[in-house]
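Chain order of the listed sequences is A and B.
Just so we're on the same page, this note's numbering is the position in the first sequence counted from 1, plus 13.
Just so we're on the same page, this note's numbering is the position in the second sequence counted from 1, plus 702.
Yeah, the Cβ is synthetic: ideal placement off N, Cα and C, and Gly gets one too.
Notes for the one structure printed next.
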Amino acid sequence: MKITTARRISQIFFVVLFFWFCVVATMGTEFWRLRGWSVNWFLNLDPLAAIGAALATRTLYRGMVWAVATIVLTIIFGRFFCGWVCPFGAMHQFFGWLGAFGRKISQRIERNKYRKAQSIKYFLLVLFLIMAAFPLWESVSLQTGLLDPIPFVYRSVNLVLIPILDSHTRAVFYSSRQYDGAWFLGTLFLAALFLNIWIPRFYCRFICPLGALLGVLGRFSIWRIGKTKEKSRDCKLCEKSCEGACQPSGKIRISECVLCFNCLHICPDNLIAWQTQESSAGEIINPDIGRRGFILSAVSGLLAVPIIRLAGTLGTNWHHKVIRPPGALAEVEFLKRCLKCGQCMRICPTNVIVPSGIEGGLENLWTPVLNFRSGTSGCQLNCTACGFICPTAAIRPITLSEKLGLGEFSEKGPIRMGTAFVDRSRCLPWSMNTPCIVCQENCPMTPKAIYLEEQYSTVRDGVYEAASADGAAIRVNKAQWKPEQYAAGDYFCEAGGRRARIISNSADTLILEEPLQISAGDRVVIKIHLYAPMVDIARCIGCGICEHECPVSGLRAIRVSAENESRNRNRSLFLKN
Amino acid sequence: MVREAEQNNETISRRRFLIRMAKAGVAVAAAGGLGALLYDPLGPGARKNIAAVSLPDFSIPNLAPKMAIVSGSDRKATAQKALEALGGIGTFIKQGDRVLIKVNAAFATPPILSATTHPDLVGEVITLCLKAGAAEVRVTDNPINDAASCFQLTEIGRAVEKSGGRLYMPKESYFAPASVNGGELIRDWPLLYEPFKGVNKLIGLTPLKDHHRSGASMTLKNWYGLLGGRRNIFHQDIHNIIKELGMMARPTFVILDGTMAMMTNGPTGGAISDLMAANLMIASTDPVAADAFGATVLERKTASLPFIRKAAEAGCGTADYETLKPERLSI
């Protein structure tokens, strides 16, 4: 078997595995749904995520230790990950292959020549790693996930591709998924793929900071591609399908080579080999960035986070809509870990976790926030899925006891994500004399965090003068009611300090459940029996089920915001913590 | 500066000119034709009434209403005995019947909290139907919480699987606009209709629960879970919507499970202290009678539950359950 065939099999295998992981990360009863599949495996293998998080937190969390294997293999072999494993790389390669159709060999060689712009990815790498590594005024931020191809492909496939492909089949999701800002994720995904038609592996060559990292790590690789004779006929056929644009025909750029091996068999004189010797034509080991470029990138990285945080989004100007999933770390710690991979948004059974925009600060882009308007319900009381899937513990895995404040956690109480606030100007009972209490009924807490104030409120034009009374039937003057207008069971007649339920009415006569002592000329008032919802901040955890269910469907009459969340004590509403 | 076009002295051939004229003619005709075809002088009018579906009557014709109340704590045994007292499952389910069971799976909570239909009851009724010769037993609900979580945590999903039923998870495509004859609220409203296709028997399995807005959540209110859309708006007129639900769904029979009755904090509950071991299983062909009896278990007056009177007046059954001479048994 040719080594390129082996490489293709490997790529297909890993792409299929990746898609399988994306599909099975669904809760449900079918056999193929989430059953201990290692759905984070590609994220675990990702050294950029691991090194970034390790720089920011000085730890390597759980499965991220897999990245050490990638690093070791890269030191020995070079960028095999890009050419053999990376599912996003394989997709780029496929689209690049499509783009080669109908092009002459000379054009293909031209497409695969080395370009100066390939150094951009190293600038980005330095920028991101410095942002994650060096606290300048306490400002550290893990932003590798913006361009790291593994989180990129996870969130693109999980949050855009599958929801679209599944919209009519409903094989993966029972109901349609909603993700705020999906248009942006989709645009970037399509752009990254379609640019390959113009230049193959566009993203890998110019942008990918993971590729840059692996290029640097692979500088000591034991086996490498190279020419066995310096002089050749210079046909450049070896560059016809060169994935890395690493110029194997001349001085090969080791940091660009993705080990696609396309140059190996195509050489008519058999002058290219994978060998321990360096290329007879010479090698270029260092990325093409130079000392000045490095320093400029590093200084930018050092200043970027403090500049972004001048907005005050971690201080008093924090955004109330940044409601994090249960178990999310305090904001400063959270931003050291979140990869923006979207796994929490993918696994959330209710689809209530969505990617953030930049309203809570530029750093917040694509981090998880709860939007109670989307999805099938609020955050489910008995669910802790997001903390278990999070590859970096930006959302900590919590037990149900901890989430609900049971057992050893009873002192601390349940984990609060925020608090529900009743908007009395929009609430049906508070402002429109209309019974409702959907929020209170659906509150999952015990006792409920929403309690009720009982009211008997006079209906519009509800004061009359009794004309006559015959037992439970009361006729009033000057009434022109619609028949059964007050028969819903919620209306009461009040007279002489007593009250009785109205069970029926005609144009001017009320039929009551029990008679009231009324004589002609008495004041008769029609009241509606209401319960008005109030929130007990000591009990509300901000799960948002009330907001999701509120029948005022535009701007909800009860809304959760992040005040009083457990994870940031300075946002508390409690006098004692 | 505009350069003058050079004079082209070549004359076009007649043949080429005619071909070009013909192509232009076809293009002009196509443009004009399409314009005429698509011309809409009025624009979209007001929303038209969609042909709405409605549910047939699933009750057994010419069968006098019956009710049985069995006390005991073992749901399988009490349910079995209650159905025997109604004349046996064979009275209701015949060879080849296709049965739909509407459970209450509204919340993603474990069975022990009794906020949802108990999986033992679901499994037992499915088994009985299949033994009686049912060709298919379907189970459905459109829960309030996330559907997948609900069917998993309530363990109803597993009970259905184990006993050979078929679970219909609600999907958007399963809903059809429905109207209730004589109804004012349920008009052209999304109904979980797909599971009803081809079905000739309907069973309601309901836990007996407190409910803040309506007073009690029992067999009539159980049909709420067949509605889709933003059904919460009906809470503004809760008693009339429950009445219309009773008019909409005429079941073969219902079972009201009062083994562990939720006395407070309904309909979600959440604590064992909300429950009372009433140890009662009520089977009835008349859901209004079942609810009227259920109200007494919850220690509520029928008068405080206007939906019972309304449903009775609408012809859904009788609130005076004693007229059914319910059989009272125990295990």
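Practice problem: Identify, in the order they occur along the chain, each residue of the same chain with its Cβ nearer than 6 angstroms to the Cβ of V271 (chain A), setting aside the five sequence neighbours on each side. | Solution: Answer for V271 (chain A): R92, C95, G96, E256 and G257, listed in chain order.
Quiz prompt | Reduced DSSP secondary structure (H/G/I, E/B, other) of I541 (chain A) | solution = Here I541 (chain A) sits in strand by DSSP.
Quiz item: Can you tell me the Cα-Cα spacing of T397 (chain A) and E857 (chain B), whole angstroms?
Solution: Rounded to whole angstroms, T397 (chain A) and E857 (chain B) show a C-alpha spacing of 18 angstroms.
Exercise. For T363 (chain A), return the contacting residues in chain B, with the cut-off set at a CB-CB distance below 8 angstroms.
Key: The answer, in chain order, is N847, D848 and S851.
Self-check item: Secondary structure, beta strand (DSSP E): runs of 3+ residues fully inside the stretch 904 to 943 of chain B
Solution: Within the stretch 904 to 943 of chain B, the runs of beta strand (DSSP E) that reach at least 3 residues and sit entirely inside it are, in chain order, 917 to 919.
Quiz item: Taking only beta-carbon atoms, is I828 (chain B) less than 8 angstroms away from chain A?
Solution: At a cut-off of 8 angstroms, the C-beta of I828 (chain B) has no neighbouring C-beta in chain A.
Quiz prompt | Within chain B, the residues that I450 (chain A) reaches when beta carbons sit closer than 9 angstroms | solution = H914, R915 and H937, listed in chain order.
Quiz item: Does DSSP put Q530 (chain A) in a helix, a strand or coil?
Solution: Under the three-state reduction of DSSP, Q530 (chain A) is assigned to coil, being neither helix nor strand.
Self-check item: Buried versus exposed call for Y1023 (chain B) [16 or more other C-beta atoms within 10 Å across all chains shown]
Solution: So Y1023 (chain B) ends up on the buried side.
Quiz prompt | Which listed residue (B:R717, B:A963, B:A837 and B:A985) has its alpha carbon closest to that of I771 (chain B) | solution = Of the candidates B:R717, B:A963, B:A837 and B:A985, the one whose C-alpha sits nearest the C-alpha of I771 (chain B) is B:A985.
Quiz prompt | Partners in chain B for T447 (chain A), counting only beta-carbon separations shorter than 7 angstroms | solution = Within 7 angstroms Cβ-Cβ: Q938.
Practice problem: Scan the stretch 479 to 512 of chain A for residues whose Cβ lies nearer than 7 angstroms to a Cβ of chain B and list them as they occur along the chain. | Solution: Per Cβ criterion, the list reads A501 and G502.
Exercise. Quick one: which residues of the stretch 785 to 809 of chain B get their C-beta closer than 8 angstroms to a C-beta of chain A? List them in chain order.
Key: Of all residues in the stretch 785 to 809 of chain B, only F809 come within less than 8 angstroms of chain A when Cβ atoms are compared, listed by chain position.
Quiz item: Should the stretch 196 to 212 of chain A be called in touch with the stretch 243 to 251 of chain A, which here means at least 3 C-beta pairs below 8 angstroms?
Solution: No, the stretch 196 to 212 of chain A does not touch the stretch 243 to 251 of chain A.
Practice problem: Measure the CB-CB distance between R915 (chain B) and E346 (chain A) and report whether it falls below 8 angstroms. | Solution: Taking 8 angstroms as the Cβ cut-off, R915 (chain B) and E346 (chain A) do not qualify as a contacting pair.
Quiz prompt | Which listed residue (B:F877, B:K873, B:P879 and B:G927) has its alpha carbon closest to that of S188 (chain A) | solution = It is B:K873 whose Cα lies nearest to the Cα of S188 (chain A).
Quiz item: Comparing the C-beta of E874 (chain B) with each C-beta of chain A, is any distance below 8 angstroms?
Solution: A Cβ of chain A is located within less than 8 angstroms of the beta carbon of E874 (chain B).
Quiz item: Along chain A, which residues have their Cβ under 7 angstroms away from the Cβ of P969 (chain B)?
Solution: Simply E454.
Quiz item: DSSP on Y870 (chain B), reduced to helix/strand/coil?
Solution: Note: Y870 (chain B) maps to strand in three-state DSSP.
Quiz prompt | Burial state of F233 (chain A) (16 or more Cβ within 10 Å) | solution = Within 10 angstroms of the beta-carbon of F233 (chain A) lie fewer than 16 other beta-carbons, which makes it exposed.
Exercise. Please state whether DSSP places S975 (chain B) in a helix, a strand or coil.
Key: In the structure shown, S975 (chain B) adopts helical secondary structure according to DSSP, grouped into three states.
Exercise. Examine chain A for any beta-carbon lying closer than 8 angstroms to the beta-carbon of P1008 (chain B), and answer yes or no.
Key: For P1008 (chain B), a Cβ of chain A is located within less than 8 angstroms of the residue's own Cβ.
Quiz item: So which residues on chain B does Q393 (chain A) lean against when the C-beta distance must stay under 7 angstroms?
Solution: Simply A810, N847, D848 and S851.
Self-check item: L378 (chain A) versus G370 (chain A): straight-line alpha-carbon distance, rounded
Solution: Their backbone Cα atoms lie some 5 angstroms apart in a straight line.
Quiz prompt | Proximity below 8 angstroms, CB of H5 (chain A) to CB of Y469 (chain A) | solution = Residue 5 (chain A) lies beyond the range of chain A shown here (14 to 590); nothing can be said about it.
Quiz item: What residues in the stretch 550 to 574 of chain A bring their beta carbon closer than 8 angstroms to a beta carbon of chain B?
Solution: Answer set for the stretch 550 to 574 of chain A: I558, E562, C563, P564 and S566.
Self-check item: Neighbourhood of P969 (chain B) by C-beta, 6 angstroms cutoff - its chain only, sequence neighbours within 5 removed
Solution: Its chain contains K911, H913 and S919 as the residues whose beta carbon lies nearer than 6 angstroms to that of P969 (chain B), once the 5 sequence neighbours on both sides are disregarded; these appear in chain order.
Quiz item: Going by alpha carbons, who is nearest to V990 (chain B) out of B:V862, B:T1020, B:S756 and B:G747?
Solution: In terms of CA proximity to V990 (chain B), B:T1020 leads the group B:V862, B:T1020, B:S756 and B:G747.
Practice problem: Identify every residue that forms a DSSP beta bridge with F434 (chain A). | Solution: For F434 (chain A), the beta-bridge partners assigned by DSSP are A:R572.
Exercise. State the Cα-Cα distance for the pair A994 (chain B) and K1012 (chain B), rounded to the nearest angstrom.
Key: The straight-line gap from Cα to Cα measures roughly 12 angstroms.
Quiz item: Cα-Cα, which of A:W110, A:D59 and A:G102 is closest to A82 (chain A)?
Solution: Comparing Cα-Cα distances from A82 (chain A) to each of A:W110, A:D59 and A:G102, the minimum goes to A:D59.
Exercise. Using alpha carbons as the reference points, say which of A:V37, A:A113, A:S152 and A:R20 lies closest to C99 (chain A).
Key: The closest CA to that of C99 (chain A), considering only A:V37, A:A113, A:S152 and A:R20, is found on A:R20.
Quiz item: Would you say L441 (chain A) faces chain B, with C-beta separation under 8 angstroms as the test?
Solution: So yes, L441 (chain A) belongs to the interface.
Exercise. Confirm, please, whether the CB-CB distance from V755 (chain B) to A834 (chain B) is below 8 angstroms.
Key: With contacts defined by Cβ atoms closer than 8 angstroms, A834 (chain B) and V755 (chain B) do not form a contacting pair.
Quiz item: Shorter than 8 angstroms from the beta carbon of G430 (chain A) to some beta carbon of chain B?
Solution: The sequence given here places Met at residue 430 (chain A); Gly does not occur at that position. Not one chain B Cβ lies under 8 angstroms of M430 (chain A).
Self-check item: Partners in chain B for S189 (chain A), counting only beta-carbon separations shorter than 8 angstroms
Solution: The answer, in chain order, is E874.
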